[in-house]
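Q: Residue numbers (the numbering used here): 15 to 152.
Using N, Cα and C, we set each Cβ at its ideal position, and we do this for glycine too.
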């Protein structure tokens with residue numbers, strides 16, 4: 015868990031999954047322990063007015079590992095995509111950054127958002143107009 019002062023989650027947050035997964039290999043963790051991490055890990059990003067949680071969908075770990083090899087490139091793409099989203103959709107920086115994250119990682123990740131000081135997480139998505147939408151969990 016860590017705090018961001020401006021935008022929402024970034025590619026660095028997603029790539030932290032890969033770094034932490036690699037640490038398990040480095041210390042000789044068993045296959046069962048690695049699988050447990052892959053099924054249960056999440057990243058928390060705290061903002062001033064909300065908290066975001068990211069999870070990785072099963073089957074996407076290899077893709078994320080490959081993407082993390084070019085992490086700096088994805089950070090640059092992310093920043094450029096934020097600007098494009100803001101200009102195209104006339105959205106705020108937070109919405110534009112969440113949209114950029116989802117545009118880059120697609121189905122590999124899930125993004126959830128909770129109001130500040132709560133754990134009432136709901137799925138975050140972006141509609142066709144570039145607006146942030148919240149899909150409450152049943």
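By the three-class DSSP mapping on this structure, what secondary structure does residue 146 have?
A: Here residue 146 sits in strand by DSSP.
Q: Is it right to say residue 111 is buried, meaning 16 or more other beta carbons lie within 10 angstroms of its own, or is it exposed?
A: Under this definition residue 111 is a buried residue.
Q: Are the beta-carbon atoms belonging to residue 29 and residue 70 less than 8 Å from one another?
A: In this structure, residue 70 does not lie closer than 8 Å to residue 29 by Cβ.
Q: With distances taken Cα to Cα, identify the nearest neighbour of residue 134 among 142, 66, 144 and 124.
A: Among 142, 66, 144 and 124, the Cα nearest to that of residue 134 belongs to 66.
Q: For residue 174, count the other beta carbons within 10 Å of its own beta carbon; 16 or more makes it buried, fewer makes it exposed. Which is it?
A: This structure cannot speak to residue 174, because the chain is shown only from 15 to 152.
Q: For the region 47 to 55 against the region 92 to 107, do three or more pairs of beta-carbon atoms, one drawn from each stretch, fall closer than 8 Å, so that the two count as touching?
A: Counting Cβ pairs under 8 Å, fewer than three are found: no touch.
Q: Going by DSSP, which residues form a beta bridge with residue 127?
A: 66 and 136, per the DSSP bridge assignment.
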